[in-house]
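Residue numbers (the numbering used here), protein chains in the order written: chain A, 1 to 318; chain B, 1 to 536.
Where is the CB? At the ideal position from N, CA and C, for every residue including glycine.
Being a predicted model, the structure only gives us computed values, none of them experimental.
This report refers to the structure that appears directly beneath it.
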Amino acid sequence: MHTYIAKRLLLIIPTLLGAAALVFVIMRVIPGDVALLIFGGDAGGHIDPKQLAAMRQRLGLDQPLWVQFGTWLWGVLRFDFGTSLWTGRPVMEELLIRLPLSLELALAATAVSVIIAIPFGMLAAIRQDTWVDYLVRVVSIGGLAIPSFWVGILCILMLVIFFGWGPPLEFTPPWVDPWANFQMMIWPVVTVGYRYAAVTTRMTRSTMLEVLREDYIRTAWAKGLRERAVVVRHALKNSMLPVITLVGTEFAFLIGGLVVTETVFTLNGVGRFVVDAVAHRDYPVVQALIFLIAFGFVVVNLLVDLTYAWFDPRIRYR
Amino acid sequence: MAVGFRYSYSRTLFIVGVLMVALAAPAAVRAADTPRHGGILLAVIGADPPSLDPHQESTFATMQLVAPLYSTLLQTDPYAYPKIIGDVASEWKISPDGLTYTFKVRPGIRFHDGSPLTAADVKATYDKIITPPEAVRSVRKNAYVAVTGVEAPDASTVVFKLKFPSASLLENLASPWNVIYPKKYLDKDPNHFKLNVVGSGPFKFKSYTRSATFEGERNPDYFVKDRPYLNGYKFFISPETSVRAAAIRSGRAYIEFRDLPNAEVEAIKKQLGDKVAVQQTPMTGQFGIAINNTVKPFTDPRVRKALTLGLDRYTGGKVLFTLTGLRDVGALLRPGTEWGLPDAELQKLPGFGRDMEKNRTEARKLLAEAGFPNGFKVVLKNRNVKLPYQDLAVFAIQEWRRIGIEADHRPLETAAWFADGRDTGSFELIIAPTVEYSDDPDVFLRRYTTGDPENWGRFSSPAIDDLFSRQSRALDHAERRRLVQQLQKVVLENVYYMPGLWWTRNVVHWTKVKNYVAPPNHYSNQKLQDVWLSED
Chain A
1 MHTYIAKRLL LIIPTLLGAA ALVFVIMRVI PGDVALLIFG GDAGGHIDPK
51 QLAAMRQRLG LDQPLWVQFG TWLWGVLRFD FGTSLWTGRP VMEELLIRLP
101 LSLELALAAT AVSVIIAIPF GMLAAIRQDT WVDYLVRVVS IGGLAIPSFW
151 VGILCILMLV IFFGWGPPLE FTPPWVDPWA NFQMMIWPVV TVGYRYAAVT
201 TRMTRSTMLE VLREDYIRTA WAKGLRERAV VVRHALKNSM LPVITLVGTE
251 FAFLIGGLVV TETVFTLNGV GRFVVDAVAH RDYPVVQALI FLIAFGFVVV
301 NLLVDLTYAW FDPRIRYR
Chain B
1 MAVGFRYSYS RTLFIVGVLM VALAAPAAVR AADTPRHGGI LLAVIGADPP
51 SLDPHQESTF ATMQLVAPLY STLLQTDPYA YPKIIGDVAS EWKISPDGLT
101 YTFKVRPGIR FHDGSPLTAA DVKATYDKII TPPEAVRSVR KNAYVAVTGV
151 EAPDASTVVF KLKFPSASLL ENLASPWNVI YPKKYLDKDP NHFKLNVVGS
201 GPFKFKSYTR SATFEGERNP DYFVKDRPYL NGYKFFISPE TSVRAAAIRS
251 GRAYIEFRDL PNAEVEAIKK QLGDKVAVQQ TPMTGQFGIA INNTVKPFTD
301 PRVRKALTLG LDRYTGGKVL FTLTGLRDVG ALLRPGTEWG LPDAELQKLP
351 GFGRDMEKNR TEARKLLAEA GFPNGFKVVL KNRNVKLPYQ DLAVFAIQEW
401 RRIGIEADHR PLETAAWFAD GRDTGSFELI IAPTVEYSDD PDVFLRRYTT
451 GDPENWGRFS SPAIDDLFSR QSRALDHAER RRLVQQLQKV VLENVYYMPG
501 LWWTRNVVHW TKVKNYVAPP NHYSNQKLQD VWLSED
């Protein structure tokens, strides 16, 4: 087990290096130059080549690509992700403003999803082809088919039209004012949680159905065990492995992937930050964020794999 | 004929109506209530500023957030656009030969760090704008080509020396973008104000969380006595139009200064009734299409002419208005102003006649003469912003299809729109907006001169260059007007550029927001010094 963990930890290094190199190359291949953008702005290109060269030098963009990449990597090793080319502020400072919000949203949406999805997915599987199953399937297909941002806009409009009330426009951390935080976060959590729960419910239902058809379950029924014991003790644990993978991957995705939901609910999260940085060709910010998001994915995957060991003793003993 | 008469009659009525509303609105907004001190003005804004330095930016996102924190040398009268009044300058005089402008700086003005604002600060500010140091961007430096130098002979006198008389220098010195910075910070780092704010305006900087909020608080030492009325202001940043509209509807915000689409405005009015007011104003902004004059087949004037003849702008104004606010048909300067071309003159120009069947027939004939009897295919590049960029493009594409031109719409994200379009000239046709803070011809027409960085179409006409230079120096108003109108005709007769439609904006606010008069642009009158709230 220890060797397995050590191997997995070592594998993180090439994975992150690969991700960093890929993002570095992509950002420089796509059209658009941060120096040109800083001078060009919205108004037009008042661009003097001398000024442009001086700006590139100031931003360190006149260096060969491998030097730029090396400098950046050396900084990362010292936990220095550089400064934004656009704002001049340290990337970590900018990120730390947004991370609590994104983490709260991801955690809360995951909690909502798991709380809804596992019992309803199980129920639909156990009561396959009954009205309960049909209802769960219809609601979960709805969650997959309807875009989250549309549900979000609908939520806001319903609140405004029927109650003359709208969610706050500014994030307040829960430790500062829990009620203000709740008023703002409940709507995106429900919106994101619904889609997330829909995906997880369908996964739970299908894996549960598979497991319920296994020989050892048939044996359990034949032994005369009660339904609760068969489902919870024998079937549930084994049907959870793909669900855990899904929950882990979705959680990591939620931290940086909720651009549209963040926009709809005026949430200043990591997703919007990434998109803004790409639009401004703010290389250090994009590189740092993609690197950290990749790191998040890798860590969550590792945790998921370790959880497997708890659910499946065969992995533990291997 | 009857149709023509009916149209011009209704149009006249419409114009009279608009004028009455425009004249009445400021008076209504400046209601005779007693101003009340206190309260925080809550506003929503659709974008995050690229930086906080207005000298280096050209987006309303920068202007609206920081304007209340700064002073300018001159300013546009908040209640009477385009009249120019002093801000930091208490008085000024122009020498008889028009080559020397002398300004007196008001005594007793202090920056928010406590230091006094003197003529040296004004000089340092304008030196940065007119002759920026290396690696410092100055968006509007070309507006000051007539200025040879700025001098500060004593602490309260600023002198602008010119090499030739300028018809627009005062307008340019009243630009809301030219905020005055303390010299001592500029000396250390001319980019200091991209991230920091030290102004002398009615409000002091309080906080800024990127992509979220921007706040200012009352400056108790502001040089105008008993101002500002508000304790502060706070902007919530949200790029989603429906979210900003919902914020107004729910009372989470009291005003949206830029523009909300008509459909949202109607919904807000329906729900809130007389709790809200809408100030609809024409805009000093036009969305049109730049033609790359250096690539075939657009080097042929017949092809360019066919393109503009194929656009039914009058129908476009009706169709696009409710969606986008684009409505008025005009030339290169705002219709209805002293500089705009009169309707009768405009209609003689290609693409502005009202008989569309005749226009399209002529367009097809020109295309056939140019060797394209079956039309041709072209790429129309655009910014991937829906309102009003993409709506205008979709409209133009449908129109051109009727004369056999198949345009492939290619929306690009903003960075690529600059880099793979405007800046490099790698386009055939591209949506090219023109939005300025003033109607002045120097501000609007420079982009049609040879080699100007904003001459997206990369054309060169000695006639245009000459007319621009002459109007810029013409101190006789009537003469300048004649030259400006002539210049517009040269551009449009040769179809170097295709104007689309002029923009109209809706400023929606709760009626408790008092004393804000929306000017015809979303840059000026943003200092909020006279704005007050009748209740919290």
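In chain order, A135 make up the part of chain B whose C-beta sits under 7 Å from the C-beta of A/R58. With respect to chain A, the C-beta atom of B/Q286 has no partner C-beta closer than 8 Å. When rounded, the separation of the alpha-carbon atoms in A/L65 and A/G164 is 54 Å. Against B/E215, chain A offers no close residue; the least beta-carbon distance is about 10 Å (beta-carbon pairs closer than 9 Å).
Sorting B/K206, B/H522 and B/G451 by C-alpha distance to the C-alpha of B/G425 places B/G451 at the top. Taken through DSSP and simplified to helix, strand or coil, B/V197 comes out as coil. Taking each of B/E171, B/L186, B/S238 and B/R218 in turn and checking the Cα distance to B/L69, the smallest one comes out for B/R218. At a cut-off of 8 Å, the C-beta of B/V147 has no neighbouring C-beta in chain A.
Counting along the chain, the unbroken alpha helix (DSSP H) around B/N262 starts and ends at N262 to L272.
Taking the C-beta atoms as reference points, B/V159 is found no nearer than 8 Å to B/T72. In terms of beta-carbon proximity, A/N268 lines the interface with chain B, with at least one pair separated by less than 8 Å.
Residue B/M283 holds the alpha-carbon nearest to the alpha-carbon of B/T337 among B/M283, B/Y314 and B/D154.
W86, T87, G88, R89 and E94: these are the residues of the stretch 75-94 of chain A whose beta carbon lies less than 8 Å from some beta carbon of chain B, given in chain order. Closest option to A/G18, judged by alpha-carbon separation, among A/F182, A/F311 and A/Q287: A/Q287.
The residues W339, P441 and Q471, in chain order, have a CB closer than 6 Å to that of B/V484 in the same chain once the five nearest residues on each side in sequence are set aside. Against chain B, the CB of A/R233 has no partner CB under 8 Å away; the residue lies outside that interface. Remark: fewer than three beta-carbon pairs, one from each stretch, lie closer than 8 Å, so the stretch 240-248 of chain A and the stretch 216-225 of chain A are not flagged as touching. For the C-beta of B/L195, the chain A residues within less than 9 Å are, from N- to C-terminus, T87, G88 and R89. Within the DSSP bridge table, the entry for B/T504 names B/P282 as partners. Within chain B, the residues whose beta carbon sits less than 8 Å from that of A/Q51 are P132, E134, A135, V136 and R137, listed in sequence order. In this structure, B/N506 places its C-beta atom within 8 Å of the C-beta atom of B/D259. Across the structure, A/V139 and A/I153 are spaced so that their CA atoms are roughly 19 Å apart. Judged by DSSP secondary structure, B/A474 falls outside any alpha helix (DSSP H); it is assigned neither H nor E.
DSSP places A/Q68 in the helix class (H, G or I) of the three-state scheme. Here A/R205 has G121, A124 and A125 as same chain residues with Cβ atoms under 6 Å from its own Cβ, once five neighbours each way along the sequence are excluded. Within chain B, E240, S242, V243 and A246 have C-beta atoms less than 9 Å from the C-beta of A/I153, given in sequence order. Residue-level contact by beta carbon holds for B/D423 and chain A, with a gap shorter than 8 Å. Against chain B, a Cβ distance below 8 Å from A/G164 picks out R249, S250, G251 and Q271.
Membership of B/R410 in the beta strand (DSSP E) is indicated by the continuous run E406 to L412. Assignment of beta-bridge partners to B/I464 by DSSP yields no partner. Contacts with chain A at 8 Å (Cβ-Cβ) include B/A419. For the stretch 205-238 of chain B, the set of positions with a beta-carbon nearer than 7 Å to some beta-carbon of chain A reads T209, R210, S211, A212, T213, F236 and S238 in chain order. In summary, A/W72 is buried, with 16 or more beta-carbon neighbours lying within 10 Å of its beta-carbon over all protein chains present. DSSP places B/Y233 in the strand class (E or B) of the three-state scheme. The C-alpha of B/R446 is placed about 33 Å away from the C-alpha of B/K184.
Under the 8 Å criterion on CB atoms, B/D189 is classed as non-interfacial with respect to chain A.
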